[in-house]
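A short worksheet on the structure shown next.
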Amino acid sequence: MDKLNLLESKINGIHQEIQDLGIMDELLHEKEIAAQLYAASEQRIKNLHDTLQNRLQITINGTLEPVSLAQVWVETVLRQDSEGMNQALNNMHDMVMGTMTVFDGKSVVETMDALLRKRNHPNAAEKLKRICEYIIDLQLSGYVSWILALKQNGEMDRAKEVMNRADNKLSKQSCFIARFFYGWPAGTYGIPMPSGGCPGGSSKAFEDGHYEFKGHDSFHWSDHLYLNGSLSNNAVKQGVCIKTTSNNNEENWPKGSYCIYKHGNCPAGSMWGRLGFPGGSTTGVVPDGSVSGDGIKVEFCCRIDGFASNPIRLPARESLKLFRLGGECQQVDGADVRQGWIVYRGNGHRAGMTPDDDGDDDSHKLYYCSYRVPGSIVNIPATSEIVSAAMPVHANNVLSFVACLTISGVAVLLVL
Numbered sequence: 468m469d470k471l472n473l474l475e476s477k478i479n480g481i482h483q484e485i486q487d488l489g490i491m492d493e494l495l496h497e498k499e500i501a502a503q504l505y506a507a508s509e510q511r512i513k514n515l516h517d518t519l520q521n522r523l524q525i526t527i528n529g530t531l532e533p534v535s536l537a538q539v540w541v542e543t544v545l546r547q548d549s550e551g552m553n554q555a556l557n558n559m560h561d562m563v564m565g566t567m568t569v570f571d572g573k574s575v576v577e578t579m580d581a582l583l584r585k586r587n588h589p590n591a592a593e594k595l596k597r598i599c600e601y602i603i604d605l606q607l608s609g610y611v612s613w614i615l616a617l618k619q620n621g622e623m624d625r626a627k628e629v630m631n632r633a634d635n636k637l638s639k640q641s642c643f644i645a646r647f648f649y650g651w652p653a654g655t656y657g658i659p660m661p662s663g664g665c666p667g668g669s670s671k672a673f674e675d676g677h678y679e680f681k682g683h684d685s686f687h688w689s690d691h692l693y694l695n696g697s698l699s700n701n702a703v704k705q706g707v708c709i710k711t712t713s714n715n716n717e718e719n720w721p722k723g724s725y726c727i728y729k730h731g732n733c734p735a736g737s738m739w740g741r742l743g744f745p746g747g748s749t750t751g752v753v754p755d756g757s758v759s760g761d762g763i764k765v766e767f768c769c770r771i772d773g774f775a776s777n778p779i780r781l782p783a784r785e786s787l788k789l790f791r792l793g794g795e796c797q798q799v800d801g802a803d804v805r806q807g808w809i810v811y812r813g814n815g816h817r818a819g820m821t822p823d824d825d826g827d828d829d830s831h832k833l834y835y836c837s838y839r840v841p842g843s844i845v846n847i848p849a850t851s852e853i854v855s856a857a858m859p860v861h862a863n864n865v866l867s868f869v870a871c872l873t874i875s876g877v878a879v880l881l882v883l
């Protein structure tokens, strides 16, 4: 019973925070029908759990008293229509994962994330984490009620089935939610600048810089680049984003097949490389290398210790860029990828491990992989907010956003 009291207290506390934030009012304005469905399911779960918590008692042998109220409550919980727990929890799962019948196929988490970023809220990541904890805890309380109702009816086999369902569905949601909290890996390094600019956020970890390469009829390119800068046959202006700080809370770069710019030491597991480009100039903070009037040398960190087809965890909520290595773009968890290329003619210098390059002795043809999370919200423009590199872990070990673990709190339900 102490676990139920703790869960109830946490749900009520976070619910009040969300109300104070006013996010549900704005959500109702943006997506009225879906928000009403969310609110109805939320209230149904809260009401049924409140009756269990405040009007019923769990006896030493696990039955509920008073018997008359318990029977009415059990019948309501086990209803298969919109009044029952099954439908309410199905609605919540669909809203978290996103279906075409709810929020136009977008997750309620994605919708709330966009609303928070639209406000440019200074603690958007922490607020979103609290909202996600609330949504998971609320569903956990619903599964508590459902399992106890089945136990009251003596349906132990069904109770075990519901416990397994809770494990499965809440773990899927945990893995989905984790994508909103992936942080930048450890070390100092650079990435090509997306068209919208460098990643922002409260840490301000990235500084921007620019290259300008010049040469007569030296440059050619494809579609789907989405890079910051400008392109012509005689000049390329290209932005870069350089992460200049690192801390002990950051994870190492994941194994895979890709390249990034070098700035300082290459991250663990990466190999050094260098390419030469036509002469020009730089401004701001740029990758390691050298600049002269007749040539620019740019250094890279590359790794090819994993399969590109195995998705890696990187913060793709904003447009992310990597260099291709190994013949195909590295897959990133939860993101779509497109590739484009640029031909730089006038300096074919190569050394070490470098990105895929289909150039000749006097040129490079480099492939840029551009990532974007699908289903972006059209009428709620996002800001450049990037969440903290420290990924949240649920305070009560009910779920882990980091490892997508099964929901350990459900396992105690059969012994209540």
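Numbering (the working numbering), first residue to last: 468 to 883.
Note that the Cβ used here is the ideal one computed from N, Cα and C, for glycine as well.
Apply the 10 Å Cβ neighbour rule to residue i and answer buried if 16 or more other Cβ atoms are within range, or exposed otherwise.
i	result
Met-921	Residue 921 lies beyond the stretch modelled for the chain, which goes from 468 to 883, so this question has no answer here.
Arg-812	buried
Gly-621	exposed
Lys-722	exposed
Asp-548	exposed
Asn-590	exposed
Ala-818	exposed
Gly-657	buried
Ser-699	exposed
Ser-830	buried
Glu-717	buried
Glu-542	exposed
For residue i, collect the residues of the same chain with a Cβ closer than 7 Å to its Cβ; drop the 5 residues on either side in sequence, then sort them by chain order.
i	result
Val-575	Tyr-505, Met-562, Val-563
Asn-695	Met-660, Pro-661, Ser-662, Gly-664, Gly-706
His-588	Lys-594
Val-544	Leu-515, Gly-551, Met-552, Ser-612, Trp-613, Ala-616
Ser-537	The sequence shown places Ala at residue 537, rather than the Ser named in the question. Contacts found: Leu-523, Leu-531, Gln-619.
Ser-422	This structure does not reach residue 422, given that the chain is present from 468 up to 883, and the question cannot be answered.
Where residue i and residue j are concerned, what is the direct C-alpha to C-alpha distance, given to the nearest angstrom?
i	j	result
Leu-605	Arg-780	27 Å
Gln-510	Arg-784	30 Å
Thr-526	Pro-533	10 Å
Ser-641	Arg-632	14 Å
Ser-757	Leu-583	42 Å
Thr-578	Val-799	21 Å
Ile-709	Val-753	7 Å
Pro-734	Gly-801	23 Å
Gly-794	Tyr-834	9 Å
Gly-565	Phe-744	45 Å
Gly-807	Lys-832	10 Å
Thr-518	Met-630	21 Å
Ser-851	Lys-627	With a pLDDT of 26 at Ser-851, under the threshold of 50, the modelled position of this residue cannot be trusted; read the value that follows with caution. Straight-line Cα distance between these residues: approximately 45 Å.
Excluding the 5 residues flanking residue i on each side, which residues of the same chain have their C-beta closer than 8 Å to its C-beta?
i	result
Ile-512	Met-552, Ala-555, Leu-556, Met-559, Leu-605, Gln-606, Ser-608, Gly-609, Ser-612
Thr-655	Ile-709, Lys-710, Thr-711, Thr-712, Ser-713, His-730, Gly-731, Asn-732
Asp-675	Met-660, Gly-664, Cys-665, Gly-706, Val-707, Cys-708, Ile-709, Gly-751, Val-752
Ser-697	Val-703, Lys-704
Asp-824	Leu-742, Arg-817, His-831, Lys-832, Leu-833
For residue i, collect the residues of the same chain with a Cβ closer than 6 Å to its Cβ; drop the 5 residues on either side in sequence, then sort them by chain order.
i	result
Tyr-678	Gln-705, Thr-749
Tyr-725	Leu-789, Leu-792, Gln-797
Val-804	Cys-796, Cys-836, Tyr-838
Arg-770	Gly-736, Ser-737
DSSP puts residue i in a beta bridge; with which residues?
i	result
Leu-698	Val-703
Met-738	Cys-769
Tyr-834	Trp-808
Tyr-649	According to DSSP, Tyr-649 bridges with nothing at all.
Give a single yes or no on whether residue i has its beta carbon closer than 7 Å to a heavy atom of the ligand PLP.
i	result
Pro-734	This structure simply doesn't include the ligand PLP, nor any ligand for that matter.
Indicate whether the contact test is met: 3 or more Cβ pairs, each with one atom in the region 605–623 and one in the region 658–668, closer than 8 Å. no
Are the region 678–687 and the region 650–659 in contact at 8 Å, needing three or more beta carbon pairs? no
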